[in-house]
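Student: Structure incoming, see below.
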Amino acid sequence: MNQAKNYYALIDIGSNTMRLVIYEQEASRRLKEVENVKVVARLRNHLNADNDLTERGQAILIDTLSDFSSVLNVYPLQQFTCIATAAIRQANNQTQLVKRVKDELGWDMRILSEAEEAYYGYLAVVNSTSINEGITVDMGGGSTEVTYFKNRDILFSHSFPFGTLTLDQLISDQDSKETNNQRIKDFVYEQFATLDWLKDRHVPIIGIGGSARNLAQIDQHDKAYPMAGLHQYEMNQDDILRVFHYLNPLSLKKRQKVEGLSKDRADIIIPAILTFNCLYEYTKATQFILSQKGLRDGVNYYFLLNNQQKPLFPNVLEDSMQELVNDYELNMRQISHVQSLGRMFFDTITRAEINDFSPNDWTLLKRASYVYNLGHYIDAESSAQHSFYLLANRTIDGLMHDEKLKVALVASFKNKTVFKQFIHPYKSWLTKTERKKLQHLGALLKFIYALDATKRQAIDSMDIVIEHKTIQITFYHTKTVTPEAYQIEKQKKHLEKALKRTIKYDFVKTSL
């Protein structure tokens, strides 16, 4: 165990599950998950008629925490937090529970208020996506938190005292599935109707937590979705209803075998999906987006940024790209230099209107320039293949899945044949025009990286003259450029095809 590493641990005592997560702090300050231990405790089911957590429930609580303690002992921790949500919050004997945890384990169990639980969910979403306006929904076993944010600022929040386990109690074995489902929908609609600020928002819903995650996993499996990863996965109402109509007729035994659905959620997934669909209708949502980051992440963001009035990362995507640069030991000096030369070239050909590039395409090209040839970290010979796979299948906070695909295709460009291989599973995601543009942007990125082939910044600047059939470039340099000249000659053919111009160039040495 590396004693120099900074480890943070968080225990989340929920109504349905209890979880221990251990994180390592990276150079970017963000926390990387290194251990995740889950126990399906269902403490909500151990609240008695007086709303006290029973002796049996307390035994489950203490025994599980004791098991977690043995895992914690392995790590030298910078910080440890133990939080509890609805089941403990709703227990009348919560004071006794806090004391017992303190007496038996020496831990301070912090019971989150309804407002805190909602706030941390919001914080997780705005610090891990680039969504500026939306409604978050975090459906647990004993409560459901919703927030509305705009321009990344939280405007409204509420915690409903119902969750998957409480809604499951509305189901009667004496009634048909249709009757039970309608009872749940009527109850949920009645609850949502108490909040005027939720109605007709016409914004995305961002789903947090296990039930939302399982819904997305089932949908991905059903569609044979080609991209790995759930964070920022998009669904519409038809997708939600299709999953519901698939699961609803199944027996519990068959539902437990459904790909993407956790066995321990098979009995409570229907009330969750009904709730998400009701919220979709009530808010007139534009889409349903899954956030893999939730309550625990929100708590971590709060502690990491607790010296700020607003604990928000200024730019989620920039931080995420920097994380990739750090992880794969990319050369930031080279990246900055290539971006400078690339902007010069891009602006010139865009003004000349010799391609279908628009000023907005620079944003994509710049993103891809951060991670060009990233796969070289694994293997130089198959760098393009590794680059595409890693970028397309890794979570990149701040990028939706289609945006991530575009970055991967541009950053991994090798040639037209390889480009077609990479894009084949995703052809339906992009129009023919979009595919052509991405190929051309990839050729441009490959060419401008050739200008700094040896990472010495030998080429300082350039003059570009565009004529009817040619592009004449004068490269100014202070150091020998033989290796760069070789790569420029080798890579220019892809760009010549894209721009339908012959590229001619010469070199002029300048003094330091």
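Taking full-length UniProt numbering, the leading residue of the sequence shown gets 1, the next gets one more, and so forth. Even for Gly, the Cβ is constructed at its ideal location relative to N, Cα and C. The model shown is predicted, which means the values in this text are computed figures rather than measured ones.
1. For K490, which three-state DSSP category applies?
2. If we ignore side chains and look at the alpha-carbon of each, how far apart do L274 and Y23 end up?
3. Restricting to Cα atoms, I'd like to know which of G342, E116 and Q256 is closest to D463.
4. May I have the straight-line CA-CA distance separating Y486 from K32, to the nearest angstrom?
5. Are there three or more Cβ pairs, one per stretch, closer than 8 Å when the stretch 312-321 is compared with the stretch 224-237?
6. CB S74 to CB I206, shorter than 8 Å?
7. Express the C-alpha separation of Q439 and I473 in angstroms, rounding to a whole number.
8. Going by DSSP, what residues sit across from F149 in a beta bridge?
9. Excluding the 5 residues preceding and the 5 following N393 in the sequence, name in chain order all residues of the same chain whose CB lies nearer than 7 Å to its CB.
10. Could you give the distance in angstroms between the alpha-carbon of I62 and the alpha-carbon of M109?
11. May I ask you to check if the CB of A485 is nearer than 7 Å to at least one heavy atom of the ligand NAP?
12. Taking V371 as the reference, which of H386, S358, P359 and N360 has the closest Cα?
13. Which of the three DSSP states is assigned to F357 in this structure?
14. Once DSSP output is grouped into helix, strand and coil, what is the label at N36?
15. Taking L247 as the reference, give the member of I218, G375, D356 and S336 with the closest Cα.
16. Using DSSP with H/G/I as helix, E/B as strand and the rest coil, what is D319?
17. Looking only at C-alpha atoms, which of E26, L391, V34 and A384 sits nearest to K416?
18. G163 by DSSP, collapsed to three states: which one?
19. Below 8 Å on the Cβ atoms is my guess for D168 versus D12; work out the distance and round it to an integer in Å.
20. Comparing alpha-carbon positions, which option in L165, K406, I131 and R296 lies nearest A41?
21. Starting from T474, trace the beta strand (DSSP E) in both directions and tell me its first and last residue.
22. Please work out which residues of its chain come closer than 6 Å, Cβ to Cβ, to N180, disregarding the five sequence neighbours upstream and downstream, and give them in chain order.
23. Let's test the definition: count the other Cβ atoms within 10 Å of the Cβ of R56 and tell me whether it reaches 16, buried, or not, exposed.
24. For I423 and L198, what's the separation of their Cα atoms in angstroms?
25. When the Cα atoms are used, what is the spatial distance from residue 522 to K432?
26. Which partner residues does A118 have in the DSSP bridge list?
27. Looking only at DSSP bridge pairs, what is K509 linked to?
28. Let me confirm a value: D356 is counted as buried when at least 16 other C-beta atoms fall within 10 Å, else exposed. Which label applies?
29. Below 8 Å, how does it come out for the stretch 436-450 and the stretch 486-495: are there three or more Cβ pairs, yes or no?
30. Between the beta-carbon of G142 and the beta-carbon of S15, is there less than 8 Å?
31. I240 and Y280 look like a contact to me (Cβ under 8 Å); what is the Cβ gap, rounded to whole Å?
32. Enumerate in chain order the residues of its own chain whose CB-to-CB distance from residue 514 is below 7 Å, with the five nearest sequence positions on each side excluded.
33. Measure the C-alpha to C-alpha separation of L20 and A411 and round it to an integer number of angstroms.
34. With distances taken Cα to Cα, identify the nearest neighbour of R29 among F313, A86 and A9.
35. Starting from M344 and walking both ways along the alpha helix (DSSP H), at which residues does that stretch end?
36. Within the same chain, show all residues whose beta-carbon is closer than 7 Å to that of G294, passing over the 5 residues directly before and after it, in chain order.
Tutor: Per the coordinate set shown:
1. Correct three-state label for K490: helix.
2. 34 Å
3. G342
4. 41 Å
5. no
6. Here residue 74 turns out to be Val, not Ser, going by the sequence shown. Result no, Cβ atoms of V74 and I206 do not sit closer than 8 Å.
7. 22 Å
8. DSSP, once it has assigned bridges, lists G134 and I154 as partnering F149.
9. M227, A228 and G229
10. 12 Å
11. As for the ligand NAP, it is missing from this structure, which has no ligand bound.
12. Of H386, S358, P359 and N360, the residue nearest in Cα terms is H386.
13. coil
14. strand
15. Nearest C-alpha to L247 among I218, G375, D356 and S336: I218.
16. Assigned with DSSP and collapsed to three states, D319 falls in helix.
17. Among E26, L391, V34 and A384, the Cα nearest to that of K416 belongs to A384.
18. Of the three classes helix, strand and coil, the one that applies to G163 here is coil, per DSSP.
19. Actually they do not touch by this definition, with Cβ atoms about 21 Å apart.
20. L165
21. T470 to H477
22. I171
23. exposed
24. 39 Å
25. In the structure as shown, the chain starts at 1 and stops at 512, and residue 522 therefore has no counterpart that could be examined.
26. Bridge partners of A118: none, in fact.
27. Partner(s): H477.
28. exposed
29. yes
30. yes
31. 6 Å
32. In the structure as shown, the chain begins at 1 and stops at 512. Residue 514 is therefore absent and cannot be evaluated.
33. 37 Å
34. F313
35. M332 to A352
36. G121, A124, D138, I208 and G209
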